[in-house]
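Protein chains: 2
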Amino acid sequence: MNGAQALVRTLLASDLDVCFTNPGTSEMHFVAALDSVPGMRCVLGLFEGVVTGAADGYARMTGKPAATLLHLGPGLGNGLANVHNARKGRSPMVNIVGEHATYHLQYETPLRSDIAQLAGACSDWVHTSTDADGVSRDAAQAVARAREGGRIATLILPADTAWNEAPSGPAEPIEPAPLNRVAADRVEAAARILRGPRRAALMLSGPVLIEPWVSLATAIAQRTGCRLLAQQSNARMSRGRGHPDVVRVPYVVAQARQALADIDELVLLGANPPASFFAYPDQPNMMVREDCALHALAGRDDDLVACLRDLAAALDLPADARPTIADRAPLAPANGALDADAIMQTVTALLPENAVLCDESVSSGRQLFKFTGHAVPHDYLQTTGGAIGCGAPLATGAAIGAPGRPVVSLQADGSMMYTLQALWTQAREQLNVTTVILANRAYRILQGELRSVGVENPGERARQMLSLDSPAIDWVSLARGMGVPGRAVDSAEALGQALIDARGEPGPFLIEARMP
Amino acid sequence: MNGAQALVRTLLASDLDVCFTNPGTSEMHFVAALDSVPGMRCVLGLFEGVVTGAADGYARMTGKPAATLLHLGPGLGNGLANVHNARKGRSPMVNIVGEHATYHLQYETPLRSDIAQLAGACSDWVHTSTDADGVSRDAAQAVARAREGGRIATLILPADTAWNEAPSGPAEPIEPAPLNRVAADRVEAAARILRGPRRAALMLSGPVLIEPWVSLATAIAQRTGCRLLAQQSNARMSRGRGHPDVVRVPYVVAQARQALADIDELVLLGANPPASFFAYPDQPNMMVREDCALHALAGRDDDLVACLRDLAAALDLPADARPTIADRAPLAPANGALDADAIMQTVTALLPENAVLCDESVSSGRQLFKFTGHAVPHDYLQTTGGAIGCGAPLATGAAIGAPGRPVVSLQADGSMMYTLQALWTQAREQLNVTTVILANRAYRILQGELRSVGVENPGERARQMLSLDSPAIDWVSLARGMGVPGRAVDSAEALGQALIDARGEPGPFLIEARMP
């Protein structure tokens, strides 16, 4: 057995059985090992940003890490933005990065680079294996580290550690270290604040936004009278009819300040202090009032679910307490012009049962939640690290992680251009992903940002830098080029019909929603 | 004047007047400054790999750095692979990476990351500005450092350094430090080796492969009887009829070993010792014989052109010595099936006068040079750092750096998928780039590499990881989607006609050459 075969067997023994790949020469023995060792599902991406973003989507739906197989420093670099997103959202991920053979690194060759430094810029754990017999132990470590609350583990494997003999064979799985348990006195202090006389809010992020925990959190809010909020960006939320409709902090500073203006005491459970996404000249960069007290109950290295259960217990609520959830009527599809609201209303009305809704709609999606509370029950995934180009890969990986569930992917056009190669993987794997391009032919969010930083009348060159209309992108042709059928629509009625038709067909479909 | 305006004025004063951009919120003031300060040409790329690869192509054609404008760590990460290529090829480049405002970095926000660590993994010089009034001085430094023999200078600019007042205004240009002059005794020792009795070779890389220096190097070879070789990967070579036809070291180990087998003494002028691109089990990783003596005459921090002139002088050759160059007859376009040779012969035969030929044809291009010595005089650019996804951005930047010259871009299909967004920029800027996709619907090079590492009979899953045929990529649709007209051809005659038609039309064109 060589090092590559020991690696694959170790990953399988550690319950890691999906590998998103874009291999090169230094990874050829791993590719060969995938044949000789049965059990690993391999999914090819034609760009590494697809590979890492898909691993993120897979992890969000399964709670397990996938492996990525990447080609030296540039391969990791290409995948870095979506590793960054996954890290911010605490998705577990095991990156396997091929490196030159140990004895070849002495030479200045084209692909030689400092992979460890690069990996350190985007990973929670980095290790370079030095010999074939150590690869399996290192791989078991990588999986364990990735599982500790959702971390990025990057294992750098010189090519000779793959092809040399590994006499010890595969390694036993290593148990992840348990998450920190939040101390009882902190939980009790938080409970006192939430039920106390001052206007309190509980802000969530992480797994407590998924059922059954988001319902428990809502029951806590109903019991104490506190407000319940979600951080602006979250990895996954249970939403739709029958689920709580938790409000997220808005992106726009003025809206966020207004939304949080009445809070005297803010208890953070998995959420970060609500700073603005960016700073702007002469604007506050904390979204609560200056005299609002912040209480960091549980951070992202803590066991958030245990903390939520303890909080419920401190409030005399059982862990299976269910909140009162208001009936929300289904929405009808919209009619008329295809503005953002019409798109969101129509997508909401026609969302398939048990769907996964991936959202990289950027500026067009700011009003999404006012609609999707009325949708069928679904999971909601969004970009967590602010790096665009996440959506299409995320939808790809979510479809693989949640087989049988339809995926609807809301995509801004500017963001979709970053990783459009994901469509090819959707076609190859015949994934049931319906992509809706919100085609406004601009970096619309940046047109707003230019005003926010104080530029009131941008000149022609600034406008050009933020415009995608010359030439206009023809999304149906791009989809066809990668084997995905598609249709352009310019009315809400046509969008509705396209969504109905996409539901009736297996495999991926793309709808270009041409906004006015 | 704010920091952003002082920056733009400083860059212009330092003779840097092209900026490839993909900006975000943290760069909005720079975008605004591009309007208020005239003189900077801004070129938008819809993915950062396009931006950095275009800056590389521009630098290769002009010898000057362009600026890139990138959005925080993920933006730099997306551009990293082509920064890596540029660094290996010693193209000067000034990366301007926006960062959160200094006082905003205290918060955990989605886009916060360690940009300096990431930049350190791909740059020769990294600096983070701390205040608006220092930005112009830092920018002048960055340009100077980039110009020192071709380096990557990365300047990280917190957003408040852009919007705050910069009372000192723009900075004066800073003179780059001179390159090292190789000592006379080393030059004389090399001259003795080259004209000595043992079989010697002079191996070049860098600017000495461009006229008039490649002709001087050839005159030296003719005077001394030594062989003249080029490193396997080079940033730019003057080639075609009337220019020397310098042989590059082959990629395949057995071919390289054979090509270099007769060399007893190898003098390196800008070239690295000829190690193989990758190591393979049980194969040597140095391409010369074990008893061949290596002489590192001039490294890449030395003044290679001065060294070559000194070497000529030591051999009593004037700096304008011209070699005897054999007449090479033009080739006729090929007929029949579209294998790699037929494509290369046809492209050679129909190469437009004074063209720039960008080559990312990977496995299909190994025999390119046996044809293009017969082409019209042209410049030849290739991938220098082994990171695929370089070709289309390189062609884009070369077209901007060499206005009026036609660009022909030979592209492997697998590599083209990495940065296909470059086509949109070619359409927007109406660049005269003709892309020929060598569509073999596979990572063909990796199918060979799998054998080279000892896997003789890959199984079905390994084959799937290296195949692009399910679904087949429709390149004409992809081009149309980004505003570039195109045509698929499946015979050499049809390829020839498409090349002729493309020459007759302004703007970009794409030809999908469907290989059998």
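One line per chain: the protein sequences are A and B, in this order. The end of the first sequence is residue 514 by the working numbering, with every number in the run present. The end of the second sequence is residue 514 by the working numbering, with every number in the run present. Each residue gets a CB set at the ideal place from its N, CA and C atoms; glycine is no exception.
Assigned secondary structure, Thr23/B (DSSP; H/G/I helix, E/B strand, else coil): Thr23/B: helix per DSSP, three-state reduction.
Residues of its chain near Ala511/B, where Cβ-Cβ distance is below 7 Å and the 5 sequence neighbours each way are ignored: Cβ neighbours of Ala511/B within its own chain (closer than 7 Å, five residues either side excluded): Leu336, Ile341, Val434, Ile435, Leu436, Ala437, Val487, Leu493.
Close-in-space but distant-in-sequence residues of the same chain around Arg196/B (CB under 7 Å, 5 per side omitted): Hits under 7 Å: Asp262, Glu263.
Chain A contact residues for Gln281/B, given Cβ-Cβ distances below 9 Å: Ordered by position in chain A, no residue passes the 9 Å Cβ test against Gln281/B, which lies about 10 Å from the chain.
Neighbour list for Arg426/A in chain B, Cβ cutoff strictly below 7 Å: Neighbours of Arg426/A in chain B, taken as residues whose beta carbon is under 7 Å from its own, are Ser468, Pro469 in chain order.
Cutoff 9 Å: Ser274/A Cβ touching any chain B Cβ: At least one CB atom of chain B sits nearer than 9 Å to the CB of Ser274/A.
Beta carbon proximity, Arg459/B to chain A, threshold 9 Å: For Arg459/B, the answer is yes, since a Cβ of chain A falls inside 9 Å of its Cβ.
DSSP state of Leu74/B mapped onto helix, strand, coil: Looking at Leu74/B - three-state DSSP - the assignment turns out to be helix.
First through last residue of the alpha helix (DSSP H) which encompasses Tyr56/A: For Tyr56/A, the enclosing alpha helix (DSSP H) has its first and last residue at 46 to 60.
Burial state of Leu103/B (16 or more Cβ within 10 Å): For Leu103/B, the number of other beta carbons within 10 angstroms of its own is below 16, and it is reported as exposed.
Cβ contact (3+ pairs, closer than 8 Å) linking the region 369 to 383 of chain A and the region 43 to 51 of chain A: No contact exists between the region 369 to 383 of chain A and the region 43 to 51 of chain A.
Spatial distance of Ser468/A from Val482/B (CA atoms): If you draw a straight line from the Cα of Ser468/A to the Cα of Val482/B, it is about 12 Å long.
For Gly167/A and Ala4/A, believed in contact at Cβ under 8 Å, the rounded distance: Approximately 6 Å separates the beta-carbon atoms of Ala4/A and Gly167/A; this is inside 8 Å, confirming the contact.
For Met463/A and Thr66/B, believed in contact at Cβ under 8 Å, the rounded distance: With 8 Å as the limit, Thr66/B and Met463/A do not qualify as a contact, their Cβ atoms being about 13 Å apart.
Burial state of Ala259/A (16 or more Cβ within 10 Å): So Ala259/A ends up on the exposed side.
Rounded separation between Arg449/B and Cys305/A - CA only: Between Arg449/B and Cys305/A, the alpha-carbon positions lie close to 54 Å from each other.
Beta-carbon proximity check, Ala393/A vs Gln365/A, cutoff 9 Å: Taking 9 Å as the Cβ cut-off, Ala393/A and Gln365/A do not qualify as a contacting pair.
Three-way DSSP call (helix, strand, coil) for Gly96/B in this model: Note: Gly96/B maps to strand in three-state DSSP.
Same chain, Cβ closer than 6 Å to Trp161/B, five either side skipped, listed in chain order: Closer than 6 Å at the Cβ level, and outside the excluded window around Trp161/B, lie Asn0, His27.
Exposed unless 16 or more other CB atoms sit within 10 angstroms - verdict on Ile521/B: For residue 521/B there is no data in the structure shown, the boundaries of chain B being -1 and 514.
Cα-Cα separation, Ile208/B to Ser236/B: In a straight line, the C-alpha of Ile208/B is about 5 Å away from that of Ser236/B.
Nearest neighbour of Pro506/B, chosen from Ala477/B, Ala490/B, Gln495/B [CA to CA]: The shortest C-alpha separation from Pro506/B is found at Ala477/B.
Where Ala188/B falls, given that 16 or more other Cβ within 10 Å makes a residue buried: By the neighbour-count rule (16 or more Cβ atoms within 10 Å), Ala188/B is buried.
Buried or exposed (CB count within 10 angstroms, at least 16 for buried), Ala181/A: An exposed status is given to Ala181/A, since fewer than 16 other beta-carbon atoms sit within 10 Å of its beta-carbon.
7 Å Cβ cut-off: residues of chain A touching Tyr56/B: By Cβ distance, chain A contributes nothing, its closest Cβ being about 17 Å from Tyr56/B, past 7 Å.
Beta-carbon proximity list for Asp308/B, same chain, < 6 Å, skipping 5 on both sides: Shown here for Asp308/B: same chain residues with a beta carbon closer than 6 Å to its own, the five before and five after excluded, namely Val185 in chain order.
Range of the contiguous alpha helix (DSSP H) that encloses Asp131/A: First-last of the alpha helix (DSSP H) with Asp131/A: 130 to 145.
Segment contact, 8 Å Cβ cut-off, at least three pairs: the region 323 to 339 of chain B with the region 227 to 236 of chain B: Contact between the region 323 to 339 of chain B and the region 227 to 236 of chain B is absent, because fewer than three Cβ pairs lie under 8 Å.
Bridge partners - Trp123/A, DSSP secondary structure assignment: Per DSSP, Ala151/A.
Min CB distance Asp289/A to chain B below 9 Å: Closer than 9 Å: no.
Chain B contacts from the region 106 to 138 of chain A (Cβ-Cβ distance under 7 Å): Here the close residues are Glu106, Thr107, Pro108, Leu109, Ser111, Asp112, Gln115, Leu116, Gly118, Ala119.
Closer than 9 Å to chain B by CB, Ser24/A: So, interface residue.
Status (buried if at least 16 other CB within 10 Å, exposed otherwise) for Glu163/B: A residue is called buried once 16 or more other Cβ atoms fall within 10 Å of its Cβ, and Glu163/B, having fewer, is exposed.
Other residues of its chain near Ala79/A: CB distance less than 7 Å, five sequence neighbours each side excluded: Its chain contains Gly47, Ala385, Gly387 as the residues whose beta carbon lies nearer than 7 Å to that of Ala79/A, once the 5 sequence neighbours on both sides are disregarded; these appear in chain order.
Supposed close pair Gly22/B, Gly75/A - CB separation, criterion 8 Å: That pair is no contact at about 18 Å.
Touching by the beta-carbon criterion (3+ pairs, under 8 Å), the region 52 to 62 of chain A and the region 88 to 100 of chain A: Output reads yes: the region 88 to 100 of chain A touches the region 52 to 62 of chain A.
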